[in-house]
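Okay, so here's the structure we're looking at.
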Amino acid sequence: MSADPLMLASLEKVGGTELRDLRAKCLVLMRVDGDMSKFPGAQPVSFERKHLTVPDNRQDASILTAPYFAAEKTDGVRYMLLVLGAKGTFVVDRNFEMRRLPPMRFPRHTDPTKPLDETLLDGELVIDTVSSTGAKKRRRSEDVNGDEEVSDEGDAPSATTTPRLRYLAYDACCVGGRKCCGDPLHLRLLLLRRDVLGPRYALSLKEPAAFAGEHFVLELKDFFAIKLLPSIFSQVKVAPPGSNILYAYNDPLRKLSHGNDGIIFTPARDPYLPYTCKTLLKWKPSNMNSIDFRLRRKWRKGEPRFLLLVADQTVTFEYDWITFSDEDHARFVRDSKADTRIIECVWDPNWTTIEYDPIDEREPSWDHPAARLGGWRFERIREDKKHPNDIRTVKSVEVSVRDGVTAVELLGQLGIRAAPGALGAFAAGAEPAHGPAPVAPANTRAAPAVGPTSTTGEAGPAAPGGSTE
Numbered sequence: 001m002s003a004d005p006l007m008l009a010s011l012e013k014v015g016g017t018e019l020r021d022l023r024a025k026c027l028v029l030m031r032v033d034g035d036m037s038k039f040p041g042a043q044p045v046s047f048e049r050k051h052l053t054v055p056d057n058r059q060d061a062s063i064l065t066a067p068y069f070a071a072e073k074t075d076g077v078r079y080m081l082l083v084l085g086a087k088g089t090f091v092v093d094r095n096f097e098m099r100r101l102p103p104m105r106f107p108r109h110t111d112p113t114k115p116l117d118e119t120l121l122d123g124e125l126v127i128d129t130v131s132s133t134g135a136k137k138r139r140r141s142e143d144v145n146g147d148e149e150v151s152d153e154g155d156a157p158s159a160t161t162t163p164r165l166r167y168l169a170y171d172a173c174c175v176g177g178r179k180c181c182g183d184p185l186h187l188r189l190l191l192l193r194r195d196v197l198g199p200r201y202a203l204s205l206k207e208p209a210a211f212a213g214e215h216f217v218l219e220l221k222d223f224f225a226i227k228l229l230p231s232i233f234s235q236v237k238v239a240p241p242g243s244n245i246l247y248a249y250n251d252p253l254r255k256l257s258h259g260n261d262g263i264i265f266t267p268a269r270d271p272y273l274p275y276t277c278k279t280l281l282k283w284k285p286s287n288m289n290s291i292d293f294r295l296r297r298k299w300r301k302g303e304p305r306f307l308l309l310v311a312d313q314t315v316t317f318e319y320d321w322i323t324f325s326d327e328d329h330a331r332f333v334r335d336s337k338a339d340t341r342i343i344e345c346v347w348d349p350n351w352t353t354i355e356y357d358p359i360d361e362r363e364p365s366w367d368h369p370a371a372r373l374g375g376w377r378f379e380r381i382r383e384d385k386k387h388p389n390d391i392r393t394v395k396s397v398e399v400s401v402r403d404g405v406t407a408v409e410l411l412g413q414l415g416i417r418a419a420p421g422a423l424g425a426f427a428a429g430a431e432p433a434h435g436p437a438p439v440a441p442a443n444t445r446a447a448p449a450v451g452p453t454s455t456t457g458e459a460g461p462a463a464p465g466g467s468t469e
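Numbering (full-length UniProt numbering), first residue to last: 1 to 469.
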C-alpha cells in the first residue's frame, strides 16, 4: 500500500538540511517559536455539549456566545501549502514532512510578472467525483413550529466519472510575506482570495491552459453563516453501497461529490492558533467520532491478539483491546508492519470486544477470553500519520461520544428551523449500517457478552474508555 493515499507518494520528498530550513521557514511565517519536529497546523477539538451552553469561563468555546462560521468537514488528507517563489511549492503533512510539487504558477497580486513568495496556507486534499444525480425533487413539510418549509431530497450520486484531485484551502498563515495568523478569519480569507486565488483566476482568463500540468486544482473552501447549517446538512447523503466512505457531500455549485464526516466550526474573531486550538470545533455524528490509535500485536503461544495504544507526550501506552472482523484479523496477523500502523477507530456501543488478562505472567495463553458489548471498531489505516492521538485528545473524543449531540439537537439549541429533509444523512435513523459484528477467534469463542453493571443491576453496553489497566 502506498505511504500516501492521495497519490503524492511519487513526488520528491524533501530531506536533510533543506527540510530543516523549510520547517524553520514555516515557523517564522507563523511567528511560532515551537518544536521543529512537530506539525504546527491548528488542530480542532471534538464538539461537546458544553459548546452549546453559556460558558462560565471566557476561555471556554461556545457557538452560542461567540461568532462562528461553519463548513462541511471534508474527509480528505490534511496538508499545509508552502509557496516560496522561485524555490517552488511544497506540501506539508501532519508529520511535518514535505514533498516538492511539480511547478505551479502563483502570480503576485501587485506584479503578475513575478512569483508569489513567503506564503503558507492551510487546507486539505480531497478526491472529488462528478455528481450525476441531476435535478432534485422538492419536498414540502412542516417544521417543529408548524410552518411550511421546502427542502431538497435525494440520495448520494450513484454514478461517477474520473476522480478529480482538489486542494481546498481553508485558512492562511502568511500571504506574500504578510504574516496574518493574528488577524480574524475574514481578513485571512480575504488575503487568500485576493493575493493567491485572484491572480491565478486572472491568469486562467488570459491563458486557459496555464495550470494544465499542475498536480491538483486549488480552490477556497466554502464557509457558511451558522444559520445556514441546514444548507450543509441537506447536501450530505449516505454514500452508495460499495463506497469507501460512509457519507458523501454533494457540492451543489460545482456538481462534485466527496467524503464528509461532519462540520467544522471556525471562530470568526480569533487568531489562527498553532497546535491544539480549543475554540476550533469539529462536530461529528456519534457513529463517526474517531480516534487514531497505534496498533500492537500481543503474542502468546504463537498466536496474536491486538491492543490499542495512545500517546502521553513522547511515550505510548496500552489503552484497550480491539477485536477485528475475521477478514481484518487475518489481514493484520499477516501484516509485517502491523506494530507500526496507526489505525482510525470509532466507538460502537454494539460492537463485541473480546478482552484478555493483559499480564502474561498471570495468563500465558488466550484460553480465558471475556466479551463485552461496546468497543472500538476499525475503520481504516491512517497512512498519513506516524503517531497516535494523545490521551487528552482521546478523553475529549470520549466525552463527545457520550454527549452524542445530534444534528437535530444542534439546530434546536441554536434556534434554527429546519424541515426533516434538510438534515440529510444526519437525520435520526439515517445512519448507514456497518458490517457484521466480530467474534472471538475460533479456538477461544467467548461467552455471551457482558457489560458494566447499571444501577438496575442489568448488564449493558460498555462506555468508551481504556480497560487494560
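Beta carbons are placed, not taken as given, at the ideal position from N, Cα and C, and that holds for glycine.
Determine whether the Cβ of Arg99 lies closer than 7 Å to any Cβ atom of chain B.
-> Judged by its chain identifiers, the structure shown contains no chain B, having just a single protein chain.
Smallest Cα separation from Asp75: which of Thr65, Ser290, Ala9?
-> Ser290
Touch test, the region 303 to 310 against the region 65 to 85, Cβ-Cβ under 8 Å, three pairs minimum | no
So what's Ser290 in DSSP terms, helix, strand or just coil?
-> strand
Given a cut-off of 7 Å, decide if Lys237 and Ala425 are closer than it, judged by their beta-carbon atoms.
-> yes
Can you pull the DSSP bridge partners for His258?
-> Tyr249
With 16 as the cutoff for other CB atoms within 10 Å, does residue 471 come out buried or exposed?
-> One cannot answer for residue 471 here, as it falls past the ends of the chain, which runs 1 to 469.
Please confirm whether Arg99 and Lys385 have their CB atoms less than 7 Å apart.
-> no
Buried or exposed: which applies to Asn389, given that a residue is buried once 16 or more other Cβ atoms fall within 10 Å of its Cβ?
-> buried
Whole angstroms is fine: what's the gap from Asp326's alpha carbon to Leu190's?
-> 51 Å
Is the CB-CB distance between Leu185 and Glu124 below 7 Å?
-> no
Own chain partners of Leu22 with C-beta closer than 7 Å, once the 5 adjacent residues on each side are dropped = Val14, Leu82, Phe90, Met98
Would you identify the three-state DSSP class for Arg377, choosing helix, strand or coil?
-> strand
Measure the CB-CB distance between Pro67 and Ala338 and report whether it falls below 7 Å.
-> no
C-beta contact flag for Pro274 and Val28 at 7 Å | no
For Cys277, which of helix, strand or coil comes out of DSSP?
-> strand
Please name the residue, chosen from Ser231, Asp335, Ala24, that lies closest to Phe96 on a Cα-to-Cα basis.
-> Ala24
Please list, in chain order, all residues of the same chain as Ala210 whose beta carbon is under 7 Å from its beta carbon, the five residues on each side excluded.
-> Arg105, Leu203, Ser204
Taking C-alpha atoms, which residue in Arg188, Pro103, Ile381 lies nearest to Thr266?
-> Arg188
Helix, strand or coil for Arg200 per DSSP?
-> helix
Asp45 by DSSP, collapsed to three states: which one?
-> As written in the sequence, residue 45 is Val, which differs from the Asp given in the question. Val45 falls in the strand class under three-state DSSP.
Provide the residue span of the beta strand (DSSP E) that contains Ile342, from first to last.
-> 342 to 355
Exposed unless 16 or more other CB atoms sit within 10 angstroms - verdict on Ser365 | exposed
Determine the contact status of Asp403 and Arg377, defining contact as a CB-CB distance below 7 Å.
-> no
Would you list the residues sitting across from residue 493 in a DSSP beta bridge?
-> The structure shown does not extend to residue 493, since the chain spans only 1 to 469, so no value can be given for it.
Considering only C-alpha positions, which residue in the set Leu220, Ser46, Ala212 is nearest to Val405?
-> Ser46
Kindly indicate the opening and closing residues of the alpha helix (DSSP H) around Asp328.
-> 326 to 334
Backbone secondary structure at Glu219 - three-state DSSP = strand
Taking only the alpha-carbon atoms, compute the straight-line gap between residue 477 and Val92 and give it to the nearest angstrom.
-> Outside the displayed range of the chain (1 to 469) lies residue 477, so it cannot be described from this structure.
Look at the Cβ atom of Tyr249, then the Cβ atom of Asn260, and state whether they are nearer than 7 Å.
-> yes
Measure the alpha-carbon distance for Leu64 versus Ser336 and round it to whole angstroms.
-> 49 Å
Report the option in Cys173, Pro102, Leu8 whose CA atom is closest to the CA atom of Asp270.
-> Cys173
Specify the secondary structure class of Gly242 as computed by DSSP and reduced to three states.
-> coil
If we call anything under 7 Å between Cβ atoms a contact, is Leu218 one with Gly176?
-> no
Exposed or buried, Ala330, counting other C-beta atoms within 10 Å across all chains shown (16 or more means buried)?
-> exposed
DSSP state of Ala66, grouped into three classes?
-> coil
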